[in-house]
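Student: Using the numbering used here, the first residue of the sequence shown is number 16, and each one after it goes up by one.
Ideal placement from N, C-alpha and C gives every residue a C-beta, glycine not left out.
Owing to the predicted nature of the structure, the values given are computational and were not obtained by experimental measurement.
I have a structure I would like to understand better, so I am pasting it below and will then ask my questions one at a time.
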Amino acid sequence: MSAILRLFKPSPLRYSRPYPTWQAACQKAGNYRDPILFEEERNAARAVREGRAAFALFGVPQTRLALRWPLLATLMSIAGWRGAFSGRPLHILDYGGGLGAVYDQHRGFLDTIPALLWSVVEQPHFVRCGNAEFTDHRLCFFDTIEEVRTRADIDAALFVSSIEYLESPYDVLARLIDLDIPYFLLVATHLSDAEDDVIRVQYIRPPYVVTDLPIRFLSRAKLLALFDARGYRMIADLGSGYLFGKTLGD
Numbered sequence: 016m017s018a019i020l021r022l023f024k025p026s027p028l029r030y031s032r033p034y035p036t037w038q039a040a041c042q043k044a045g046n047y048r049d050p051i052l053f054e055e056e057r058n059a060a061r062a063v064r065e066g067r068a069a070f071a072l073f074g075v076p077q078t079r080l081a082l083r084w085p086l087l088a089t090l091m092s093i094a095g096w097r098g099a100f101s102g103r104p105l106h107i108l109d110y111g112g113g114l115g116a117v118y119d120q121h122r123g124f125l126d127t128i129p130a131l132l133w134s135v136v137e138q139p140h141f142v143r144c145g146n147a148e149f150t151d152h153r154l155c156f157f158d159t160i161e162e163v164r165t166r167a168d169i170d171a172a173l174f175v176s177s178i179e180y181l182e183s184p185y186d187v188l189a190r191l192i193d194l195d196i197p198y199f200l201l202v203a204t205h206l207s208d209a210e211d212d213v214i215r216v217q218y219i220r221p222p223y224v225v226t227d228l229p230i231r232f233l234s235r236a237k238l239l240a241l242f243d244a245r246g247y248r249m250i251a252d253l254g255s256g257y258l259f260g261k262t263l264g265d
């Protein structure tokens, strides 16, 4: 009976019809600068750091730890390829990483990397809060990619369910590719088999924080073509994302 009931339970994530432009979708939605979203993420991050929650998901504290195994396996592989287990620093750029939820979720494994640096690029109010409350010798928060580079050379650029909420995702990727970063890892990304991106409004409902956000389903073909044209090959298809690299193990 419980399995049948789950079939009729409304999904907490729903999507509108396609919109012709990002601006048109924005007119029908809120945005990630909503102070309510920030407060929920901060409260969830505090619960994790204080041991009252196992990890945070969509700004909601979770009582039982659930790992993103493809993400973790890929990060540990990159660490091996870059010699990080021998003490070489490994620097991960977590673009749109909130208050470090992905790092906190997987730190039981990530902390086995001796010299890991985890740098989150976020909106200014997230950065201020992150550096005031959650930073440590591994995890730090930055306003810009350029500031991240002053910390150390970047080994991998990570996007976990973040790039699809950017107005100009391909511009961001192009800027990072220009820096000759060895690896790009896109995880839990909304993708489309269409020739071009599909823009919608995402309706988020309980148990997550209630909000409506513009979202882009990125064209797989367009994404693959971008990296291929810039000399990156697709090392792994993660289903809802990809690992791109210049050369395997380089």
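#1: The alpha helix (DSSP H) that contains residue 149, what's its start and end?
#2: Return the residue from the list 208, 210 and 231 that minimises the CA-CA distance to residue 216.
#3: Exposed or buried, residue 55, counting other C-beta atoms within 10 Å across all chains shown (16 or more means buried)?
#4: Can you say whether residue 84 is buried or exposed, counting buried as having 16 or more other CB atoms within 10 angstroms of its CB?
#5: Mind reading off the beta-carbon distance from residue 80 to residue 88? Whole number of angstroms is fine, and I expect it under 8 Å.
#6: Please report the straight-line C-alpha distance between residue 101 and residue 174, rounded to a whole angstrom.
#7: Grab the span of the alpha helix (DSSP H) containing residue 106 for me, first residue to last.
#8: Taking C-beta to C-beta, are residue 48 and residue 138 nearer than 8 Å?
#9: If we count the other Cβ atoms within 10 Å of its Cβ and call it buried at 16 or more, is residue 200 buried or exposed?
#10: Considering only their Cβ atoms, is the gap separating residue 218 from residue 29 smaller than 8 Å?
#11: Considering only DSSP beta bridges, list what residue 131 is partnered with.
#12: Quick check: what's the CA-CA separation for residue 39 versus residue 32?
#13: By how many angstroms is the C-alpha of residue 153 removed from the C-alpha of residue 110?
#14: In its own chain, which residues sit with a C-beta less than 8 Å from the C-beta of residue 270, not counting the 5 before and 5 after it?
#15: Less than 8 Å between the beta carbons of residue 196 and residue 169, yes or no?
#16: Output needed for residue 104: all residues of its chain with C-beta closer than 7 Å, excluding positions within five of it in sequence on either side, in chain order.
#17: How is residue 82 classed by DSSP in three states: helix, strand or coil?
#18: Does the beta-carbon of residue 59 have 16 or more other beta-carbons within 10 angstroms, so that it is buried, or is it exposed?
Tutor: According to the structure data:
#1: Position 134 of the sequence shown holds residue 149. Boundaries for residue 149: no alpha helix (DSSP H) harbours it, and the DSSP string shows neither H nor E there.
#2: For this step, residue 216 is matched to residue 201 along the sequence shown. Out of 208, 210 and 231, 231 has the C-alpha closest to the C-alpha of residue 216.
#3: Reading the sequence shown from its first residue, position 40 is the one you call residue 55. Residue 55 is buried by the Cβ-count criterion.
#4: Here residue 84 corresponds to residue number 69 of the sequence shown, with the count starting at 1. Exposed.
#5: As a working note, residue 80 is residue 65 in the sequence shown. As a working note, residue 88 is residue 73 in the sequence shown. About 16 Å; that fails the 8 Å criterion.
#6: What you label residue 101 is simply residue 86 of the sequence shown in a count that begins at 1. What you label residue 174 is simply residue 159 of the sequence shown in a count that begins at 1. If you draw a straight line from the Cα of residue 101 to the Cα of residue 174, it is about 26 Å long.
#7: Mapped onto the sequence shown, residue 106 falls at position 91. That residue, residue 106, is in no alpha helix (DSSP H); its beta strand (DSSP E) goes 105 to 110.
#8: If you number the sequence shown from 1, residue 48 lands on position 33. If you number the sequence shown from 1, residue 138 lands on position 123. A contact, by the Cβ cut-off of 8 Å.
#9: Residue numbering aside, residue 200 sits at position 185 when the sequence shown is read from its first letter. Result: buried.
#10: Position 14 of the sequence shown, counted from the start, is the residue given in the question as residue 29. Position 203 of the sequence shown, counted from the start, is the residue given in the question as residue 218. Yes; because the gap between Cβ atoms is below 8 Å, this pair is in contact.
#11: Within the sequence shown, numbered from 1, the residue matching residue 131 stands at position 116. Paired residue(s): 105.
#12: Along the sequence shown, one-based indexing puts residue 39 at 24. Along the sequence shown, one-based indexing puts residue 32 at 17. In a straight line, the C-alpha of residue 39 is about 12 Å away from that of residue 32.
#13: Residue 110 sits at position 95 when you count from the first residue of the sequence shown. Residue 153 sits at position 138 when you count from the first residue of the sequence shown. Those two C-alpha atoms are separated by around 16 Å.
#14: This structure cannot speak to residue 270, because the chain is shown only from 16 to 265.
#15: Locating residue 196 in the sequence shown gives position 181, where the first residue counts as 1. Locating residue 169 in the sequence shown gives position 154, where the first residue counts as 1. Contact flag set, yes.
#16: For this step, residue 104 is matched to residue 89 along the sequence shown. Closer than 7 Å at the Cβ level, and outside the excluded window around residue 104, lie 130, 132 and 167.
#17: For this step, residue 82 is matched to residue 67 along the sequence shown. Correct three-state label for residue 82: coil.
#18: For the purposes of this step, residue 59 is taken as the residue at position 44 of the sequence shown. When all chains shown are included, residue 59 counts as buried.
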